[in-house]
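2 protein chains.
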Amino acid sequence: MSTLARKLNDEIVGWVRTALRQSMATNTPAARLLRPGAMAALNRVVGLAVPFARRNRFEVLEIRPGYLKARIALKGNGNHFGTMYAGPMFVLAEIPGGVMPLFECSSATLPVLKQLTMTYLRPAKSNVTVEFSLPPDALGKVEAIALRDGKADFDLVGELKDEDGVVVATSRALYQLRKR
Amino acid sequence: MSTLARKLNDEIVGWVRTALRQSMATNTPAARLLRPGAMAALNRVVGLAVPFARRNRFEVLEIRPGYLKARIALKGNGNHFGTMYAGPMFVLAEIPGGVMPLFECSSATLPVLKQLTMTYLRPAKSNVTVEFSLPPDALGKVEAIALRDGKADFDLVGELKDEDGVVVATSRALYQLRKR
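From first to last, the protein sequence lines stand for chains Y and P. With numbering that gives the first Met the number 0 applied, the first sequence covers 0 to 179. With numbering that gives the first Met the number 0 applied, the second sequence covers 0 to 179.
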């Protein structure tokens, strides 16, 4: 990426981060009004960064410090058994590890996926969601180490659920937050 | 899937399997002429079974008993670093475990993915390919157990390479072949 494109990118990401934080900071009517727009902007940024995610109907539904909920659609993602193919669930489990640092860390660092294990338990016959919860200061601590040492690992363990709340798959992802 | 749809599906898969086997059985000019058509038909069947694979530019390049080579395109599958996103490499590693039994086992069994671990080593800046080699009779033995016991596990371990032959990721997948 050129220096100009990267600066522009940082600018846009910074704006989305600010809009998200402001819309989550309070629960006033104004903040609640801002949220859908901020979430749409976040998903637009994800789609620009990783077209694969948007094309395959991945969407962040909720985000706040230490928490993210995302969904992947069954539509277009089925297989010949009429259930969801394994690939979309990989995307659902993976993208949050890129988005949470985008929201919580500064643009001085960026996350890279090192390893992801998907375990499939049951067929998924609906949209699938995942929620990740971390202690509110967990990513801040990871970022402090990355800024000091150049890199720091973190992991995300998820349960992927169908619309009935049944766990259809689990994920264990290892990321590295790197100083840019 | 309805009984009729399943019968039709089995019919098509059977036809592709026969065309592939015939075109690989000898190396006569006629057999060589048949191969591209048989490969195109195989990729059409993969695309019908898993639209996700075809939409994201997965393609089987070569197949024979105990061997499969596949490719995923960089085009459309990049990320904001200008390298390949992790998701397409998951697809590249995963689909062969469905296709090899399709080619080598009977329609009395079908493969299901239980677990897949992707390990990312280096950024991929080109199309990525993977080759899987098994002893020629390995899947036949797995199928015999599945037909006797109702199910049998098998795994595929892969090295994903860029166009310079550099290993950019590794995969370890566990499948279960089930009696239908």
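For each residue, glycine too, the CB sits at the ideal point set by N, CA and C.
For residue i: DSSP bridge partner residues
i	result
P110 of chain P	P:L176
R70 of chain Y	Y:E58 and Y:T128
K160 of chain Y	Y:T128 and Y:V166
K6 of chain P	Note: K6 of chain P sits in no beta bridge, so no partner.
A151 of chain Y	Y:L176
L115 of chain P	Y:M117 and P:A172
CB of residue i within 8 angstroms of CB of residue j, strictly
i	j	result
M99 of chain Y	F131 of chain Y	yes
T82 of chain Y	A30 of chain Y	no
A85 of chain P	Y119 of chain P	yes
V167 of chain Y	V129 of chain Y	no
L32 of chain Y	Q21 of chain Y	no
R171 of chain P	D152 of chain P	no
Y174 of chain Y	G77 of chain Y	no
G75 of chain P	R56 of chain P	yes
L176 of chain P	V141 of chain P	yes
A40 of chain Y	H79 of chain P	no
L133 of chain Y	G65 of chain Y	yes
K178 of chain P	A143 of chain P	no
Partners in chain Y for residue i, counting only beta-carbon separations shorter than 9 angstroms
i	result
G75 of chain P	P50, F51 and R54
Y66 of chain P	Residues of chain Y passing the Cβ test: none, with the nearest at roughly 23 angstroms.
N42 of chain P	What N42 of chain P touches in chain Y: nothing, since even the nearest Cβ is about 15 angstroms away.
N8 of chain P	H79
Cβ distance (whole Å) where residue i is taken to contact residue j below 8 angstroms
i	j	result
V15 of chain Y	V44 of chain Y	5 angstroms
L112 of chain Y	I62 of chain Y	L112 of chain Y to I62 of chain Y, Cβ: 19 angstroms. No contact.
G157 of chain Y	A92 of chain Y	5 angstroms
R53 of chain Y	L60 of chain Y	No, R53 of chain Y and L60 of chain Y are not in contact; Cβ-Cβ is about 14 angstroms, not under 8 angstroms.
L115 of chain P	M117 of chain Y	5 angstroms
L101 of chain P	V12 of chain P	6 angstroms
S125 of chain P	D161 of chain P	5 angstroms
Contacts of residue i in chain Y (Cβ-Cβ under 8 angstroms)
i	result
K113 of chain P	T118 and Y119
E93 of chain P	A85 and G86
heavy atom of the ligand ADP below 7 angstroms from residue i C-beta
i	result
D9 of chain Y	As for the ligand ADP, it is missing from this structure, which has no ligand bound.
Contact set between residue i and chain Y, taken where Cβ atoms lie within less than 7 angstroms
i	result
A30 of chain P	Correct list: empty, because the minimum Cβ distance to chain Y is about 29 angstroms.
V90 of chain P	G86
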